[in-house]
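Peer 1:
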Amino acid sequence: MQALLMEGKYCVARYRLGRVYMEQDRTEEAIAEFEKTLRQGHPCNSIQEVYLYLGLSYIKVNRAQDALSQFETCMQVAAGSCVAAECRHYLNLLQEEKTETAFQIN
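Take 2 as the starting number for the sequence shown in the numbering used here and just add one per residue.
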């Protein structure tokens with residue numbers, strides 16, 4: 002957190018803060034940190050996990066369309082990665098309208 006206060010461009014620190022907020026069920030704060038990370042542009046927007054966890058956070062606050070968009074972008078960042086496979090899984094669940102199942106798996 003100190004790193005972010007001193008230098009707001011530390012995208013990995015911002016991403017990790019978002020993850021901490023997720024673990025604490027502070028979903029809106031997590032979303033804010035993930036969105037700030039992505040707004041910073043390259044190289045911050047190439048952290049594939051940001052799209053995954055932003056999508057999962059959107060699911061938690063009933064923003065399924067926003068989650069779909071994040072999972073789709075996640076798969077484009079590095080199509081063959083394990084993270085892309087996880088995003089594909091959640092995308093498929095959302096498309097089948099299994100939102101509750103999607104988040105329980107996480």
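Yeah, the Cβ is synthetic: ideal placement off N, Cα and C, and Gly gets one too.
Just to confirm, is the Cβ distance from L18 to E29 under 8 Å?
Peer 2: No. Outside cutoff.
Peer 1: In whole angstroms, what is the alpha-carbon distance linking Q77 and L57?
Peer 2: Straight-line Cα distance between these residues: approximately 17 Å.
Peer 1: List the endpoints of the continuous alpha helix (DSSP H) containing Q49.
Peer 2: Where Q49 is concerned, the enclosing alpha helix (DSSP H) stretches over 49-61.
Peer 1: E97: beta carbon under 7 Å from a heavy atom of the ligand SAH?
Peer 2: In terms of ligand content, the structure shown is empty, and the ligand SAH therefore cannot be addressed.
Peer 1: State the Cα-Cα distance for the pair G42 and E50, rounded to the nearest angstrom.
Peer 2: Distance between the alpha carbons of G42 and E50: 15 Å.
Peer 1: Would the beta-carbon of R20 fall within 8 Å of that of T38?
Peer 2: No, they are not a contact pair.
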